[in-house]
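Remember, this note's numbering sits 3 above the position in the sequence shown when you count from 1.
In this text, a Cβ means the ideal position worked out from N, Cα and C, and glycines have one as well.
Since the structure is predicted, the reported quantities are computational estimates derived from the model, not experimental observations.
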Amino acid sequence: MSTACRMPGYGHAAASLAETDHAADLGRIHVPTLVVVGEHDRVCPPSDSQFLADGIPGAVYAEVPNTGHLPNQERPDEFNRIVGDWLDGLPA
């Protein structure tokens with residue numbers, strides 16, 4: 004992904020993400036939330052994504068097996084099933 008982005012802009016964005024901590028704000032999110040992560044994601048590992056889901060009231064955590072950072076591209080059918088099932092479970 005970084006090769007498709009212009010440097011140093013990508014570097015500044017990555018540094019900003021790494022330096023910003025919004026953990027204390029997660030409990031203030033009150034909208035339906037699905038957190039999807041690839042099983043082998045090394046950019047945002049499952050433990051970090053689980054932390055997000057645990058901090059957001061009512062959030063659902065889903066892990067796409069045998070994928071890395073881009074599960075929607077690596078296993079689109081599985082990703083779409085997860086998102087579709089989650090959407091189907093939302094109140095009308």
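Is it buried or exposed for residue i, if we count other Cβ within 10 angstroms and need 16 for buried?
{"i": "T70", "result": "buried"}
{"i": "G30", "result": "exposed"}
{"i": "D88", "result": "exposed"}
{"i": "P79", "result": "exposed"}
{"i": "P11", "result": "exposed"}
{"i": "D28", "result": "exposed"}
Please state whether the Cβ-Cβ distance between residue i and residue j is less than 8 Å.
{"i": "H72", "j": "V38", "result": "no"}
{"i": "T23", "j": "A62", "result": "no"}
{"i": "G41", "j": "V67", "result": "yes"}
{"i": "A21", "j": "G58", "result": "no"}
{"i": "H33", "j": "P60", "result": "yes"}
Spell out the partners DSSP gives residue i in its beta bridges.
{"i": "A65", "result": "V39"}
Give the C-beta separation of residue i and residue j to the nearest angstrom, bearing in mind that I take them to be a contact with Cβ-Cβ under 8 Å.
{"i": "P64", "j": "S52", "result": "In the sequence under discussion, the amino acid at residue 64 is Tyr, which differs from the Pro named in the question. Rounded, the Cβ-Cβ distance is 7 Å, consistent with contact."}
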